[in-house]
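Engineer:
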Amino acid sequence: MENIIKQLQADIVLALKKIYNFDCELNSISFQNTRKEFEGTHTFVVFPYTKALRLKPDQIAQGIGQFLHENTEYLASYNVVQGFLNLSFKVEVWLQAFSEIIDNEHFGQAPKQHRKVMVEYSSPNTNKPLHLGHLRTNFLGFAAANMLEAAGYDVIKSNVVNDRGIHICKSMLAYQLFGHGETPESSGIKGDHLVGDYYVKYDQTFKAQVKELVADLRSKNTDLSEEKAQEMAAKNAPILLEAKKMLQDWENAVPEVMHLWKRMNAWVYAGFEKTYQTIGVNFDRFYYESETYLSGKEVVKKGLESQHFFQKEDGSVWIDLTEEGLDQKLLLRADGTSVYITQDLGTADLKYKEYGMEKSVYVVGNEQDYHFQVLFQILKKLGRPYAEGLFHLSYGMIELPSGRMKSREGTVVDADDLVAEMKQVAAQRTAELGKIEDFDDAQQEKLYAQLALGALKYYLLKVDPKKKMIFNPEESIDFQGNTGVYLQYTHAKICAILRKAKQLDIQYRTDFKTLNSIEPLELELLSGMMLYPNLVTEAAESYSPALIANYIYDLARLYGRFYAELSIFAEPNRAKCAFRIAISAKVGQILQHGLMLLGIEAPERM
RNA sequence: GGUCCUAUAGCUCAAUGGAUAGAGCAACAGCCUUCUAAGCUGUAGGUUGCAGGUUCGAGCCCUGCUGGGAUCACCA
């Protein structure tokens, strides 16, 4: 089909030249899909040429249509509606194009480009378990990596684990104070959840202390405003001071603190590993901030020497980005300890040193838009060779109907819980339908997980990443309509057809070639399928799994009509029957591939 | 207040600057002797937040305004 389109472009250039003596670039000739109320599959819009040619749109369209009709072999017919030239190709053209893709097992996979790109995603904190918000970065990052791979890139998936800092110390401290030696084994609680519980415990204690302090302060000084007292108390709560002390001890590698830190992180990693496995994501390289923050300090030191940064009287180090429309930004505290961005500078260098990739994508929530603007700007100023290839794939927050989720307050939708609930819904729905009664327990479990994650991933990925979403836990995620399950179902139906075709020994890959007519629905499917490879590249370049999701949904819906309206095995014409099976096979393969890009498995039966 | 994001059917979302703005959910009405009804068809539902501008053509681009969100920490 590619060739035909190229030919068509060339012929239109020729037509414009011959009829109107008008010169234009081949690539400026583009087509759009013909709207379904008109005949044809490709539409050429002539409005852009009316001015230069000083003719009415219909005249130009007619002229070009006539020219193509007389001078080309591939055109079946054309029609002109208000300046839109709608084109139909001959049946042979379509059959030829279809023959070229039917056996291509790698349809949708672009050739290797030998260009490296890193996708960093997930990037959890080791003080709490993953929640619904984390699922979005995990699914988005995994899908982005898959799409880039399909577009021909060599992809490195990385995970930068935020395993140090005051927030980590908070759960450690609370554990020290209230833990009584509890472990995941002794309590039966998954490690990341156990640590998360102590993070909540810290916050409760902190709040209680603040409340007490406020009362105390105001009783001593009645002039003190509520607000002011809050502010003072929040800075001086004993447990916070202790946490700060612990952070310093950590940076000084006090053995007792290091031991506790390692122990608790190990629990969290075991928990994360399990969750990652369940939700089906993986990584090529883990970075730990505890290992990179020191090199970040080095970067700051060098930047100070090269006068890209400056030091204030108290010793803190800053960069001035006011010329770039940003602010002054702190890079190193007065006491010499590092802040968030410090380690990011070190990690960025390390990543590039290890992989030398030309593009580096950070899949991180939009609350950090400013942070990444600053980070990229700094790296640009420092003249890093990789600075131009940095991209922040920013996604919107997921909120509850009641507002934002807060880990500290325990108002989060936990990732493990949510997946478990979805599996139950899947099990229940499947039982009601009773289609897999011959499955053994392991097969059933596998299917429930596939359906649950399919629904969840599709739900989160079909929306434009930029947009925030509201998730209502009261309404469980749908299994009907525009859902992951619908796509899986369409795929499973196609698998049933292919099983039957095999059983009947129909050579559908070749038998359709004697066909001499194509039904409108078949044509729509064919022309839709041809768009897939370009769409994959487009989705990868724009880092938008939503494009894939929308495309496969449209394709599945079209197939749904085809499936309902045209019979396959009852079709007496052998070529037609084979053709419909072949179309089914190809649609099935595209659905499977598209779902795979989204990280969704496509079961053969459900 | 500065900067950034965002606003489309009751709800959740689509729509490379192109034709009469489309899906799903929810509601209503049909369709299983057939290849999986987790499906298919139909009905109903819209001043694309508001006001200007750019052009052959604007939901999309520009300006202003309004509503929602994020951020501007010696938090991460």
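Letter by letter, the first sequence follows residues 4 to 609 in the numbering used here. Every residue gets a Cβ at the ideal spot worked out from N, C-alpha and C, and that includes glycine.
Out of 199, 362 and 394, point me to the one whose CA is closest to residue 371's CA.
Structural biologist: 394
Engineer: Which of the three DSSP states is assigned to residue 260 in this structure?
Structural biologist: helix
Engineer: Give me the DSSP bridge partner(s) of residue 157.
Structural biologist: 119
Engineer: As an exercise, report each continuous alpha helix (DSSP H) stretch of at least 4 residues that is fully enclosed by the region 511 to 557, in chain order.
Structural biologist: 511 to 514, 523 to 533 and 535 to 544
Engineer: Determine the direct distance from the alpha carbon of residue 93 to that of residue 52, and round the result to whole angstroms.
Structural biologist: 27 Å
Engineer: My output table needs one value for residue 603: the three-state DSSP class, helix, strand or coil.
Structural biologist: coil
Engineer: Given residue 548, which residues of its chain have a CB within under 6 Å of its CB, disregarding the five upstream and five downstream residues?
Structural biologist: 146, 464 and 601
Engineer: What's the gap between the Cα of residue 243 and the Cα of residue 287?
Structural biologist: 36 Å
Engineer: Quick check on the DSSP output: what are the complete alpha helix (DSSP H) runs of length 4 or more inside the region 41 to 125, in order along the chain?
Structural biologist: 50 to 56, 60 to 74 and 94 to 105
Engineer: Hey, is the region 349 to 356 in contact with the region 277 to 286, meaning 3+ C-beta pairs nearer than 8 Å?
Structural biologist: no
Engineer: How close, in whole Å, do the beta carbons of residue 515 and residue 403 come, if the pair is a contact with beta carbons under 8 Å?
Structural biologist: Residue 515 to residue 403, Cβ: 52 Å. No contact.
Engineer: Have a look at the DSSP bridge pairing and note the partners of residue 395.
Structural biologist: 365
Engineer: According to DSSP, is residue 509 part of a helix, a strand, or is it coil?
Structural biologist: coil
Engineer: Taking the alpha-carbon positions, what's the residue 312 to residue 335 distance?
Structural biologist: 10 Å
Engineer: Do you know whose CA, among 270, 144, 476 and 30, lies nearest residue 416's CA?
Structural biologist: 476
Engineer: Of the choices 512, 531 and 544, whose alpha-carbon is the least far from that of residue 108?
Structural biologist: 512
Engineer: Applying the criterion that 16 or more other CB atoms from any shown protein chain within 10 Å of the CB defines a buried residue, is residue 308 buried or exposed?
Structural biologist: exposed
Engineer: From which residue to which residue does the beta strand (DSSP E) around residue 380 run?
Structural biologist: Residue 380 -> not in any beta strand (DSSP E); alpha helix (DSSP H) instead, spanning 372 to 384.
Engineer: Quick check on the burial criterion: 16 or more other C-beta atoms within 10 angstroms. Buried or exposed for residue 341?
Structural biologist: buried
Engineer: Can you tell me the Cα-Cα spacing of residue 450 and residue 134, whole angstroms?
Structural biologist: 23 Å
Engineer: To test your reading of the DSSP string, which unbroken beta strand (DSSP E) runs of 3 or more residues are found completely within the region 133 to 214?
Structural biologist: The beta strand (DSSP E) runs lying completely inside the region 133 to 214 and spanning 3 residues or more are 157 to 164, given in chain order.
Engineer: Going by CA-CA distance only, name the one from 68, 219, 441 and 248 that's closest to residue 235.
Structural biologist: It is 219.
Engineer: Going by DSSP, name the residue or residues bridged to residue 406.
Structural biologist: 403
Engineer: Which complete alpha helix (DSSP H) runs does the region 439 to 483 hold, if anything under 4 residues is left out?
Structural biologist: 444 to 464
Engineer: How would you call residue 527, buried or exposed, if buried means at least 16 neighbouring beta carbons within 10 angstroms?
Structural biologist: buried
Engineer: Under the three-state reduction of DSSP, which class applies to residue 492: helix, strand or coil?
Structural biologist: helix
Engineer: Exposed or buried, which one is residue 328 when buried takes at least 16 other CB atoms within 10 Å?
Structural biologist: exposed
Engineer: List the residues that DSSP assigns as beta-bridge partners of residue 341.
Structural biologist: 335
Engineer: Measuring CB atoms only, is the region 375 to 382 touching the region 91 to 105, in the sense that at least three cross pairs come out at less than 8 Å?
Structural biologist: no
Engineer: Answer yes or no: do residue 268 and residue 199 have a C-beta to C-beta separation smaller than 8 Å?
Structural biologist: For residue 268 and residue 199, no; Cβs fall outside 8 Å.
Engineer: Given this structure, state the Cα-to-Cα distance separating residue 318 from residue 306, to the nearest angstrom.
Structural biologist: 15 Å
Engineer: Please confirm if the region 418 to 426 is in contact with the region 487 to 495, defined as three or more CB-CB distances below 8 Å between the two stretches.
Structural biologist: No: the two stretches stay apart, fewer than three of their Cβ pairs being nearer than 8 Å.
Engineer: Give the secondary structure of residue 38 by DSSP, where H, G and I count as helix, E and B as strand, and everything else as coil.
Structural biologist: DSSP places residue 38 in coil when its eight states are reduced to three.
Engineer: Checking the sheet assignment: what are the DSSP bridge partners for residue 323?
Structural biologist: Within the DSSP secondary-structure output, residue 323 pairs in a beta bridge with 331.
Engineer: Classify residue 239 as buried or exposed, calling it buried when 16 or more other Cβ atoms lie within 10 Å of its own Cβ.
Structural biologist: The residue is exposed, with fewer than 16 neighbouring Cβ atoms inside 10 Å.
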